[in-house]
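Scroll down for the structure; my scribbles are underneath it.
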Amino acid sequence: MLEQSFLKVFNMSRAAGVVILVVLLARFLLKRFPKYISYMLWSVVLFRLLSPVIPESRLSPIPSLAPAFSEYVSEQDAAVVEKEPSAPGTEEEKTPDFQEQGASAVVSPEENTPAEKISWQQLFVSYGKYLWTAGMGVLFLYCLFSAAGIRARVSTAVRLKENIYIADAGLSPFVMGIVRPRIYLPEGLDEKEQEYIVLHERFHIRRLDHIVKPIAFLALCIHWFNPLVWLAFVCFCKDMEMSCDEAVVKRLGEGVKADYSATLLALTAKRRVLPVLPVDFGEGNTRERVRNLAALKKRKKGILALVVSLAGLLILCLAFTHKAMAPRENTPGEPAGGLSENEEIPDGTVETSQPAEPPAFRVSIDITEYYTAKTGDPSQLYYIDEDRVLWGSGGNEYGQLGQGTQEPAFYDQKVKIAEDVLHVDYSQKGFAIYLTADHKLYGMGNAGCGALQQYESWDWTRYVNGDRYTVNTPVLLMENVVYACCGRDDIVCLGQDGTVWTWGTVYMQGNILSQDVYFIAQPKKILENAVLVTGGWFHHAALLADGTVWTWGYNSAGNCGVADAAVIGEPTMVAEGAVRVWTGLAADGYPQPDADTLALVWTGKQRYTVPDEVGESGGDYPRFLNNTVIQKADGSYWVCGENVGTEEKVVYGAEGDYSVVCTHEFTLCE
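Using our numbering, you'd call the opening residue of the sequence shown number 104 and step up by one each time.
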């Protein structure tokens with residue numbers, strides 16, 4: 104526990120150090136402006152030093168730093184994997200993995216450091232955690248003894264009025280107390296000096312400085328090993344005092360500058376500065392405070408409003424960490440998939456960029472083993488023969504057989520669609536896609552949902568009348584594709600460079616009067632460094648090379664692995680340490696397979712059997728399972744969504760409302 108806390112604080116301190124440098128630069132640029140603006144900026148430093156969780160944003164300039172002592176942490180993780188199996192319910196278990204039949208997953212843990220060889224990182228962490236704890240203890244003791252000493256000196260203070268007390272003549276004026284703060288003044292002050300000092304201290308109380316400063320000192324105690332934090336604390340205290348000085352002059356008028364500055368100098372010369380905890384009127388840097396008052400000039404309100412707005416924007420940006428896995432659109436001139444036309448990559452290979460420091464393990468997949476040669480149901484069939492020729496049979500009401508016609512006729516015999524085809528998939532909404540050997544993705548069929556890239560905006564009329572908006576001849580959808588799959592109304596594909604792209608109607612909820620729609624007209628990059636994507640009737644998932652699993656789409660049954668049942672528009676990480684993932688599995692036994700069948704499907708031991716022929720009347724349709732299944736490196740399978748857990752609720756599905764037992768928690772499939 105101590106070691107984890109030390110590593111967490113060390114990483115927080117590194118990131119906060121970057122923020123401190125930015126704030127110091129901004130503070131320098133703002134030196135001719137009122138100090139309350141600089142004082143505002145320190146709020147984000149305090150947040151970064153104390154918050155263990157930092158949100159992410161693409162607008163933030165603060166990079167996501169690689170964890171410190173990654174070599175040591177990797178060694179410890181590897182040791183845990185070898186010695187102790189993960190217990191159910193841990194975060195590690197919530198990142199299972201999933202493996203198709205015949206697919207191979209390679210997990211490459213870093214080699215453990217030999218027992219006789221101790222790395223410098225191990226030495227640093229082993230002794231550093233105790234040194235860090237000792238440093239905090241010393242500072243906390245200093246704080247306690249200082250507070251006790253001050254209380255002893257003001258124990259005989261006499262109340263002047265309200266919350267103002269007269270104390271030892273050798274002390275500088277200060278505020279002490281949290282709930283009921285008191286202002287302590289030394290003996291011997293004249294009426295004018297008392298007015299200046301009391302007004303100064305009341306500004307402190309009004310701004311809650313008597314609370315903020317102890318919190319800042321707490322942050323200093325925790326991060327005492329970081330010299331930038333000490334510098335930040337000193338500058339923070341200076342800006343706090345100078346901003347209060349300016350507030351007093353603004354309240355009383357420019358004419359009090361000389362008398363107020365004289366009061367500062369007189370108190371500094373005669374009295375001792377207090378320890379760090381109280382808010383102290385005579386707290387150091389007196390000459391700098393006097394110079395600041397002398398240089399204080401009125402600024403136009405418009406300029407001040409602009410500077411304050413920019414400072415607020417900077418605070419907002421610094422409060423976030425740059426989102427490393429941010430979706431972005433194609434850049435002009437960049438081919439879909441992000442590869443240059445002359446770049447050659449072997450068929451079926453997913454290339455991923457190598458990080459400077461490799462994680463504990465990486466996932467490698469031969470994507471060709473996921474290619475589908477036969478897909479369909481009793482009313483639709485697509486088949487790739489040994490010569491890579493794609494054939495189709497069944498319905499053609501959306502032109503989904505690619506024959507240049509759209510008709511209600513039913514094709515009992517297979518018709519030729521395309522040659523040199525590697526992979527085929529289809530959606531029950533009536534459109535199909537296929538991948539050719541030159542890594543081009545084609546589509547045909549129902550265009551009402553926008554998955555075939557026919558429209559720049561979403562339209563309810565087209566969506567519900569797909570038989571009137573069709574593509575009956577295969578059209579090119581994207582190039583440089585290594586794998587693709589259909590969702591309910593969208594398409595997701597994996598580029599040869601490991602990027603994930605999607606388009607179409609990602610989700611649609613409501614009716615013609617009230618609609619919640621997320622529509623993407625053209626391919627949009629949403630992830631990088633992926634090795635596998637999956638799709639289904641409800642939602643999608645992607646497996647990255649670092650073993651993380653990301654999901655998006657309908658989540659009404661917790662099938663994305665997220666507690667909130669709302670639709671997930673952008674990829675969200677739900678698991679780590681995975682080697683496989685599946686979504687949208689199909690099982691025999693419509694409308695509801697039995698429990699044993701579900702377990703076999705989840706563990707990859709049984710699949711829905713695609714018929715060899717289609718009949719116009721059809722038979723039993725497959726049950727599409729509203730789940731996410733992942734497989735861990737130890738071979739165990741974990742599942743979330745429908746038919747898992749104990750919670751029974753009404754699910755607001757894509758096709759209607761129904762009652763199921765479900766959970767967003769990944770559960771071990773035994």
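Virtual Cβ for every residue (Gly too), placed ideally from N, Cα, C.
Here the structure is a predicted model, which means the values were calculated and not measured.
Per-residue burial, residue i [other beta carbons within 10 Å of its own, 16 or more giving buried]
{"i": "glutamine 107", "result": "exposed"}
{"i": "valine 112", "result": "buried"}
{"i": "isoleucine 281", "result": "exposed"}
{"i": "arginine 285", "result": "buried"}
{"i": "leucine 234", "result": "exposed"}
{"i": "alanine 208", "result": "In this predicted model, alanine 208 has a pLDDT of only 38, less than 50, meaning its place in the structure is not dependable; the value taken from the coordinates is given anyway. When all chains shown are included, alanine 208 counts as buried."}
{"i": "tyrosine 761", "result": "exposed"}
{"i": "tyrosine 139", "result": "buried"}
{"i": "serine 154", "result": "exposed"}
{"i": "tryptophan 333", "result": "exposed"}
{"i": "phenylalanine 769", "result": "buried"}
{"i": "leucine 774", "result": "Here the chain has residues from 104 to 773 only, and residue 774 is not among them."}
{"i": "glycine 120", "result": "buried"}
{"i": "asparagine 730", "result": "buried"}
{"i": "arginine 130", "result": "buried"}
{"i": "threonine 749", "result": "exposed"}
{"i": "arginine 465", "result": "buried"}
{"i": "valine 393", "result": "buried"}
{"i": "tyrosine 230", "result": "exposed"}
{"i": "valine 122", "result": "buried"}
{"i": "glutamate 559", "result": "exposed"}
{"i": "proline 381", "result": "buried"}
{"i": "phenylalanine 320", "result": "buried"}
{"i": "threonine 564", "result": "exposed"}
{"i": "glycine 639", "result": "buried"}
{"i": "phenylalanine 109", "result": "buried"}
{"i": "threonine 539", "result": "buried"}
{"i": "arginine 254", "result": "exposed"}
{"i": "phenylalanine 306", "result": "buried"}
Residue span of the beta strand (DSSP E) that contains residue i, given as start and end
{"i": "glutamine 709", "result": "Per DSSP, glutamine 709 belongs to no beta strand (DSSP E) and is neither H nor E."}
{"i": "serine 530", "result": "524 to 530"}
{"i": "arginine 262", "result": "261 to 264"}
{"i": "cysteine 596", "result": "593 to 598"}
{"i": "glutamate 673", "result": "671 to 678"}
{"i": "asparagine 515", "result": "According to the sequence shown, residue 515 is aspartate rather than asparagine. From DSSP, the beta strand (DSSP E) with aspartate 515 extends over 513 to 521."}
{"i": "aspartate 480", "result": "477 to 480"}
{"i": "glutamine 483", "result": "483 to 487"}
{"i": "lysine 627", "result": "618 to 630"}
{"i": "proline 289", "result": "285 to 289"}
{"i": "tyrosine 610", "result": "603 to 613"}
{"i": "leucine 555", "result": "Counting along the chain, leucine 555 falls outside any beta strand (DSSP E), and DSSP gives it neither H nor E."}
Residues sharing a beta bridge with residue i, DSSP
{"i": "histidine 643", "result": "Trp655"}
{"i": "glutamate 582", "result": "Lys543"}
{"i": "aspartate 779", "result": "Past the boundaries of the shown model lies residue 779; the chain is included only from 104 to 773, so the question cannot be answered."}
{"i": "leucine 635", "result": "Leu646"}
{"i": "leucine 538", "result": "His526 and Leu544"}
{"i": "asparagine 395", "result": "In the DSSP output, where bridge partners are listed per residue, asparagine 395 has none listed."}
{"i": "serine 496", "result": "Leu484"}
{"i": "tyrosine 740", "result": "Gln734 and Cys772"}
{"i": "threonine 573", "result": "Asn549"}
{"i": "glutamate 685", "result": "The question names glutamate, but residue 685 in the sequence shown is tryptophan. In DSSP, tryptophan 685 forms a bridge with Val732."}
{"i": "serine 762", "result": "Val753"}
{"i": "cysteine 589", "result": "Ile594"}
{"i": "alanine 690", "result": "Arg726"}
Residue i, enclosing alpha helix (DSSP H) - first and last residue
{"i": "asparagine 730", "result": "Asparagine 730 -> not in any alpha helix (DSSP H); beta strand (DSSP E) instead, spanning 730 to 735."}
{"i": "tyrosine 299", "result": "294 to 309"}
{"i": "leucine 355", "result": "330 to 355"}
{"i": "phenylalanine 320", "result": "312 to 325"}
{"i": "alanine 668", "result": "That residue, alanine 668, is in no alpha helix (DSSP H); it is neither H nor E in DSSP."}
{"i": "glycine 405", "result": "404 to 421"}
{"i": "arginine 491", "result": "Where arginine 491 is concerned, there is no enclosing alpha helix (DSSP H), given that its DSSP letter is neither H nor E."}
Does the segment 677 to 688 touch the segment 645 to 654, meaning 3 or more C-beta pairs lie closer than 8 Å?
yes
Please determine if the segment 594 to 608 and the segment 628 to 645 are in contact, where contact requires at least 3 C-beta pairs separated by less than 8 Å.
yes
Contained beta strand (DSSP E) runs [length at least 3] in the segment 107 to 179, N- to C-terminal order
For the segment 107 to 179, not one full-length beta strand (DSSP E) segment reaches 3 residues or more.
How about the segment 517 to 525 and the segment 483 to 499: do they share at least three Cβ pairs that are nearer than 8 Å?
They touch, by the three-pair rule.
Using 8 Å as the threshold, is the segment 529 to 536 in touch with the segment 583 to 592, meaning 3 or more CB pairs across them?
yes
When you compare the segment 475 to 487 with the segment 547 to 558, are there three or more beta-carbon pairs, one atom per stretch, that lie closer than 8 Å?
no
Is the segment 498 to 517 in contact with the segment 565 to 581, if contact means three or more CB pairs nearer than 8 Å?
At 8 Å Cβ cutoff, the stretches touch.
Is the segment 333 to 351 touching the segment 245 to 264 in the sense that three or more CB pairs, one from each, lie closer than 8 Å?
In short, these stretches do not touch, since the Cβ pair count stays below three.
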